[in-house]
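Colleague:
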Amino acid sequence: MARTLAQKVWDDHVVRHAEGEPDLLFIDLHLLHEVTCPQAFDGLRKAGRRVRRTDLTIATEDHNTPTIDIDKPIADPVSRVQLETLRKNCAEFGVRLHPLGDVEQGIVHVVGPQLGLTQPGMTVVCGDSHTSTHGAFGALAFGIGTSQVEHVLASQTLPMSPFRTMAVTVEGELPPGVTAKDLILAVITRIGTSGGQGHVIEYRGPAIEKLSMEARMTVCNMSIEAGARAGMIAPDETTFAYLKGRPHAPEGPDWDAAVADWRALRTDDGATFDREVVIDASALSPFVTWGTNPGQGAPLSGSVPDPAVFSDPGERLAAEKALEYMGLTAGQPLREIAVDTVFLGSCTNGRIEDLRAAAAVLRGRAVADGVRMLVVPGSVRVALQAVEEGLDEVFTAAGAEWRHAGCSMCLGMNPDQLAPGERAASTSNRNFEGRQGKGGRTHLVSPQVAATSAVLGHLASPADLPELPTTVGA
Amino acid sequence: MEAFTTHTGRVVPLRRSNVDTDQIIPAHWLKKVTRDGFEDGLFDAWRKDPRFILNQPVRQGATVLVAGADFGTGSSREHAVWALQNYGFKAVISPRFADIFRGNSLKNGLLTVMLPQETVERLWELTEADPSAEVTVDLLDRQVRAEGITAGFDLDDNARWRLLRGLDDISLTLEHESDIAEYEARRPSHRPRTLLR
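From first to last, the protein sequence lines stand for chains A and B.
In the working numbering, each residue carries its 1-based index in the first sequence increased by 43.
In the working numbering, each residue carries its 1-based index in the second sequence increased by 761.
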């Protein structure tokens, strides 16, 4: 029978199938960070259990870690205890950990792929909803709660009821200046924050095939913002080229065997999806959010909507509350929204291509007066690469703050937060009330829009910038 | 896990949709390393407003939360479930839940009940008019009952069975240890390992 990519990966991982019970699925890679696992390790200890497969488990510190003064003790005692708890648990149970200060430290969803640990056809879990990022490699990757973290630690499996499948086919080609972030924000606005509920989304079509691996990760990362359990993209030559030579990628005959397996990971002709959505890439333009959930977005060229245009009473009420919280009025052009903070980073847009794109805007320009811009690389490796390319100097010369790797202002668990009433253009993934700091207001944007907004002091895209003067004789 | 069979209690009608996990329990509360002590963090930002429904004296001791659609969207933080339970909620009723939140709830014995929007509206109206009105959430009969309202709900047999008995998933899984070992023996050898042995 013709099967989808998601079904193939599922079928390959069924440890036990019994009528009327969830399937027991094997988990190939379990990622840990400090926030969602302390209670799981406690549970293991209480039950006298061990970690079944330390060789399929890896931990990093990201949510609580500071992005400045990392050589000093962590100021917040509660954050410090959480990090120390992770270190203690990893030592006790034999789990590999990349702590603050380690060269492989960084956001868990940046670290896995760059080490080559995320590979096509795998099942990947983490106590973190943005685990969907890893689906960019054709892996079935989804976020789990702490009880499930304990379950995977103890058994390397999870009992799961099958997902439904959904195809998001992106036809055509993204116009110049339109990014993967604009695409996924547009998808979420189109299908809504519950549009993918219960489904694994497979992104496909010519516009997806042309995306780089990092851009594919941006797309899959925000699948959860559309309510989906996971997002996936079929592996292809772009995937194989990205993986080849990475520290944990297969080598020699193993590489050939792996690639042969990976090539079969495509949705069969004739396979059907439970739901299908088609998007025309060529009609897209830079996209930003105006509200307090990621489905409340619009093209940057548009304006803040009038809540009255929403026919669904729930959506209308949500829009009214969002405008009140965001301090916006219906009809206001989005380009006229002034920002005082710009955050470039996160597991959505904290990789080297994101930094390069923002640096290209900032080179020779300056962050506007009254705007603070934080540049937080997704991992130490990304930071080192950026330094090698001189991007850190471009950021600091423009007046942005070059910080250490971590989750940072995406969720403000560390000191990087918005103050009440502050307004950010942020390359992160959630614009929920108070997400980036109590009373803070968030507009989700691409790295290019973030950098341009920093220069102009209001939401804007590179097309809005005046040309830089060319140096005569240069 | 605490078993759930049937529960009767007063209601907090929460007329909001898309109640995300950052509203249920904001990130700065997630630094704790225990499963308890989250009750004061529940709806932290909204509770600063004295008019917020949870702050009303008539709602004290209520144990059933009735919310708008898409409750629990966003992060995978199980702390959201613990916060609701620590506060005293036994069940949450909504037209639609985010998947991860729902999974986390059922693992902890917090019953999440999906009812149509119109039934939710009737429960809101009933309990806004009479804050002392009680609602029964009956998992044995898969039914929600209140004055003038009887509504059946779906929950798959396996999840219901585990909830009714308060069964520990991990113990159930480890009964199949030999299946796991057999699978491990036939996994492709090219799959990566985090530790090099």
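Don't be surprised by glycine CBs; every beta carbon is placed ideally from N, CA and C.
From a predicted model like this one, the values you see are computed outputs, not experimental measurements.
So, are the CB atoms of A/G393 and A/P350 less than 9 Å apart?
Modeller: Translated into positions along the first sequence, residue 393 of chain A becomes position 350. Translated into positions along the first sequence, residue 350 of chain A becomes position 307. Cβ distance not < 9 Å, so A/G393 and A/P350 don't count as in contact.
Colleague: Since A/A6 is in the beta strand (DSSP E), which residue starts that stretch and which ends it?
Modeller: Outside the modelled stretch of chain A, which goes from 44 to 517, sits residue 6 of chain A, for which no answer is possible.
Colleague: Please classify A/V412: does DSSP put it in a helix, a strand, or coil?
Modeller: Taking the first residue of the first sequence as 1, we reach residue 412 of chain A at position 369. The displayed chain sequence assigns Asp, not Val, to residue 412 of chain A. Note: A/D412 maps to coil in three-state DSSP.
Colleague: Please tell me whether B/L928 has its Cβ less than 9 Å away from any Cβ of chain A.
Modeller: Indexing the second sequence from 1 puts residue 928 of chain B at position 167. No, B/L928 does not count as interfacial toward chain A.
Colleague: With a threshold of 9 Å between beta-carbons, can A/V419 be considered close to chain B, or not?
Modeller: Stepping through the first sequence from its first residue, residue 419 of chain A is reached at position 376. It does not: the Cβ of A/V419 has no partner Cβ on chain B nearer than 9 Å.
Colleague: State the start and end residues of the unbroken alpha helix (DSSP H) segment that holds B/A907.
Modeller: Here the question's residue 907 of chain B lines up with position 146 in the second sequence. Counting along the chain, B/A907 falls outside any alpha helix (DSSP H), though it belongs to the beta strand (DSSP E) covering 904-907.
Colleague: In or out: A/E245 buried (at least 16 other Cβ within 10 Å) or exposed?
Modeller: Taking the first sequence and counting its residues from 1, one reaches residue 245 of chain A at position 202. Buried is the call here.
Colleague: May I ask you to list the residues that DSSP assigns as paired with A/R484?
Modeller: Within the first sequence, the letter at position 441 stands for residue 484 of chain A. DSSP, once it has assigned bridges, lists A/R466 as partnering A/R484.
Colleague: Thinking C-beta only, is A/L387 closer than 9 Å to A/M416?
Modeller: Counting from 1 along the first sequence, the entry for residue 416 of chain A is found at position 373. Counting from 1 along the first sequence, the entry for residue 387 of chain A is found at position 344. Yes, the Cβ-Cβ distance between A/M416 and A/L387 is below 9 Å.
Colleague: Just how far apart, CA to CA, sit A/C133 and A/G86?
Modeller: What you label residue 133 of chain A is simply residue 90 of the first sequence in a count that begins at 1. What you label residue 86 of chain A is simply residue 43 of the first sequence in a count that begins at 1. Their Cα atoms are separated by approximately 14 Å.
Colleague: In this structure, what does DSSP give as the bridge partners for A/H501?
Modeller: Within the first sequence, the letter at position 458 stands for residue 501 of chain A. Answer is A/A381, bridged to A/H501.
Colleague: Near A/K253, which residues of its chain fall below 8 Å by C-beta distance, leaving aside the five closest residues on each side in sequence?
Modeller: Residue numbering aside, residue 253 of chain A sits at position 210 when the first sequence is read from its first letter. Counting only Cβ-Cβ distances below 8 Å, and skipping sequence neighbours, we find E216, L217.
Colleague: Per DSSP, what are the beta-bridge partners of A/I322 in this structure?
Modeller: Walking along the first sequence from the start, residue 322 of chain A turns up at place 279. In the DSSP output, where bridge partners are listed per residue, A/I322 has A/V213.
Colleague: Residues of the stretch 791-806 of chain B with a CB closer than 9 Å to any CB of chain A: list them in chain order, please.
Modeller: Those residues of the stretch 791-806 of chain B that come within reach of chain A (Cβ to Cβ, closer than 9 Å) are L791, K792, K793, V794, T795, R796, D805, A806.
Colleague: Using beta carbons (cut-off 9 Å, strictly below), is A/D459 in contact with chain B?
Modeller: Here the question's residue 459 of chain A lines up with position 416 in the first sequence. Not an interface residue.
Colleague: Can you name, in chain order, every residue of its own chain whose Cβ lies under 8 Å from the Cβ of A/G340, other than the five neighbours on each side?
Modeller: Position 297 of the first sequence, counted from the first residue, corresponds to residue 340 of chain A. Correct list, in chain order: L228, A229, I231, T232, F330, V331, T332, W333, G334, L487.
Colleague: Quick one: residues in its chain with C-beta nearer than 7 Å to the C-beta of B/D927, no 5 flanking neighbours on either side, listed in chain order?
Modeller: As a working note, residue 927 of chain B is residue 166 in the second sequence. In the sequence on display, residue 927 of chain B carries Gly and not Asp. Excluding positions up to five away in sequence, the list reads M762, E763, A764, G870.
Colleague: When the cut-off is 9 Å and only beta carbons count, does B/P877 lie next to chain A?
Modeller: Here the question's residue 877 of chain B lines up with position 116 in the second sequence. With 9 Å as the cut-off, B/P877 does not count as an interface residue toward chain A.
Colleague: Identify the residues that DSSP records as bridge partners of B/V852: which are they?
Modeller: Counted from its first residue, the second sequence places residue 852 of chain B at position 91. According to the sequence as given, residue 852 of chain B is Ala; it is not Val. BP columns for B/A852 point to B/V825, B/L872.
Colleague: Just to make sure I have the definition right: I need the residues of chain A whose C-beta is within less than 8 Å of the C-beta of B/T955. Which are they?
Modeller: Numbered from 1 along the second sequence, position 194 holds the residue referred to as residue 955 of chain B. In chain order: L72, T97, D98, L99, T100, I101, R139, L160, H291.
Colleague: Hey, is B/T834's beta-carbon within less than 9 Å of any beta-carbon in chain A?
Modeller: Along the second sequence, one-based indexing puts residue 834 of chain B at 73. Yes, its Cβ sits closer than 9 Å to a Cβ of chain A.
Colleague: Residues of chain B with a CB under 8 Å from the CB of A/F316: which are they?
Modeller: As a working note, residue 316 of chain A is residue 273 in the first sequence. Simply none; closest approach about 18 Å.
Colleague: Consult DSSP for A/S496 and reduce its assignment to one of helix, strand or coil.
Modeller: Start at 1 with the first residue of the first sequence, and residue 496 of chain A comes out as number 453. Three-state DSSP puts A/S496 in a helix.
Colleague: Are at least three pairs of beta-carbons, each pair with one atom in the stretch 852-871 of chain B and one in the stretch 837-844 of chain B, less than 8 Å apart?
Modeller: Segments in contact, yes.
Colleague: In angstroms with no decimal places, state the Cα-to-Cα distance between A/K481 and A/W298.
Modeller: Reading the first sequence from its first residue, position 438 is the one you call residue 481 of chain A. Reading the first sequence from its first residue, position 255 is the one you call residue 298 of chain A. Each residue's alpha carbon lies about 48 Å from the other.
Colleague: Buried or exposed for B/H951, please, with buried defined as at least 16 other CB atoms from any protein chain shown within 10 angstroms of its CB.
Modeller: For the purposes of this step, residue 951 of chain B is taken as residue 190 along the second sequence, with counting starting at 1. Buried is the call here.
Colleague: Below 8 Å between beta carbons is the criterion; list the residues of the stretch 187-210 of chain A that meet it against any residue of chain B, in chain order.
Modeller: Cβ contacts with chain B: I187, G188, T189, S190, Q191, E193, H194, A197, S198, Q199, T200, P202, S204.
Colleague: If you drop the 5 nearest sequence neighbours on each side, which residues of the same chain put their C-beta closer than 7 Å to that of A/R478?
Modeller: By one-based count along the first sequence, residue 478 of chain A stands at place 435. Around A/R478: L454, T485.
Colleague: List, from N- to C-terminal side, the beta strand (DSSP E) runs of 3 residues or more that fit wholly inside the stretch 236-267 of chain A.
Modeller: Within the stretch 236-267 of chain A, the complete beta strand (DSSP E) runs of at least 3 residues are 242-247.
Colleague: Could you confirm whether any beta carbon from chain B is found closer than 9 Å to the beta carbon of A/P81?
Modeller: Walking along the first sequence from the start, residue 81 of chain A turns up at place 38. At least one chain B Cβ lies under 9 Å of A/P81.
Colleague: Quick one: what's got a C-beta closer than 7 Å to B/R796's C-beta in the same chain, skipping five residues either side?
Modeller: Residue numbering aside, residue 796 of chain B sits at position 35 when the second sequence is read from its first letter. Closer than 7 Å at Cβ, skipping near neighbours: W843.
Colleague: Please decide whether B/P818 counts as near chain A, where near means a Cβ-Cβ distance under 9 Å.
Modeller: Looking up residue 818 of chain B in the second sequence gives position 57. Output row for B/P818: interface = no.
Colleague: What does the Cβ neighbour count give for A/E431, buried or exposed, with the cut at 16 atoms within 10 Å?
Modeller: In the first sequence, the residue the question calls residue 431 of chain A occupies position 388. So A/E431 counts as exposed.
Colleague: Mind checking if A/S354 is an interface residue toward chain B, Cβ cutoff 9 Å exclusive?
Modeller: For the purposes of this step, residue 354 of chain A is taken as the residue at position 311 of the first sequence. So no, A/S354 is outside the interface.
Colleague: By DSSP, does A/C169 sit in helix, in strand, or in coil?
Modeller: Taking the first sequence and counting its residues from 1, the one referred to as residue 169 of chain A is at position 126. Note: A/C169 maps to strand in three-state DSSP.
Colleague: With a floor of 4 residues, list each alpha helix (DSSP H) that falls wholly inside the stretch 265-329 of chain A, ordered by position along the chain.
Modeller: List check, alpha helix (DSSP H) in window: 280-286, 295-306.
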